[in-house]
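Under UniProt numbering, think of the first position of the sequence shown as 1, with each following residue one higher. Every residue, glycine too, gets a C-beta built ideally from N, C-alpha and C. Okay, structure first, notes after.
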Amino acid sequence: MSIAMKANGRSISTKGELRELRLQGRIPGVVYGKQLSSAALVSVDQKELELLLRSHPNAVLEIDIPSYGKQSVMVSDVQRDTMTRHVLHVDFHQINLNENVRANVRIEAVGDSEGVKEGGILQVILHELEVQCLPGNIPEAVTVDISSLGVGESLLVSDLKLPQGVESKSDPELVVLTILAPQKELTEDEKEDAAVELIEAESRSKEAQLEELKPL
């Protein structure tokens, strides 16, 4: 099911004009697509867009674009202010509802791990999973039950159970989460070494994800 969103047409603007547009509660954007003769310059309501990004970031939208009419699109890129995190610009990509697309879906851990009950620490390494499926089949989240995980055990991308028709495009050997053993009182040097190890593990995970980000 598509979510309707109204878009106003706009012209190429200076930085000052774009700033004024944002002060009016509008976010400048561009719609790209094979069926469009050229990229369409639009603006959308700021509150409506930010609510959408919080609740349904991968939603299929039906945007009424001036000169083109209603088009099925998805948000493909969002630019935010580095300080306030407010949206500054948004890109939409026209889609075919009968063709597969790729999207990043959040991973949601549910249940009480046996390892955590024993004093272990749940460490989430991978927060999002790249999937491929029809636009209408993109899940809001991929849930994983961690109830049976014990201390020292990990869960990989290959262990995730996905809805029918949804395929993972992330490296199957990536660690999603792990249950760390209870930590003894560490010296400052040991704490520093542990922090470096964790940063390196997360970095390797992100690098592996980036290698998988290939267009269809």
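| Query | Result |
| --- | --- |
| Test item: CB-CB of Leu-129 and Val-90 under 9 Å | no |
| Distance CB(Pro-66)-CB(Val-42) smaller than 9 Å | yes |
| Leu-180 versus Pro-163 - alpha carbon distance | 29 Å |
| When Pro-182, Glu-20 and Asp-77 are compared against Gln-123, the one with the closest alpha-carbon | Pro-182 |
| Delimiting residues of the alpha helix (DSSP H) encompassing Glu-50 | 46-55 |
| Among Val-75, Asp-159, Thr-178 and Arg-54, the one whose alpha carbon lies nearest that of Pro-172 | Asp-159 |
| Contact check, Tyr-32 vs Gln-132, beta carbons under 9 Å | no |
| Unbroken stretches of the alpha helix (DSSP H), 4 residues or longer, contained in the region 47-112 | none |
| Top-ranked residue by Cα proximity to Ser-170, from Arg-102, Gly-115, Glu-153 and Glu-50 | Arg-102 |
| Below-9 Å beta-carbon distance, Ile-125 vs any chain C residue | Among the protein chains of the structure shown there is no chain C, as only one such chain exists. |
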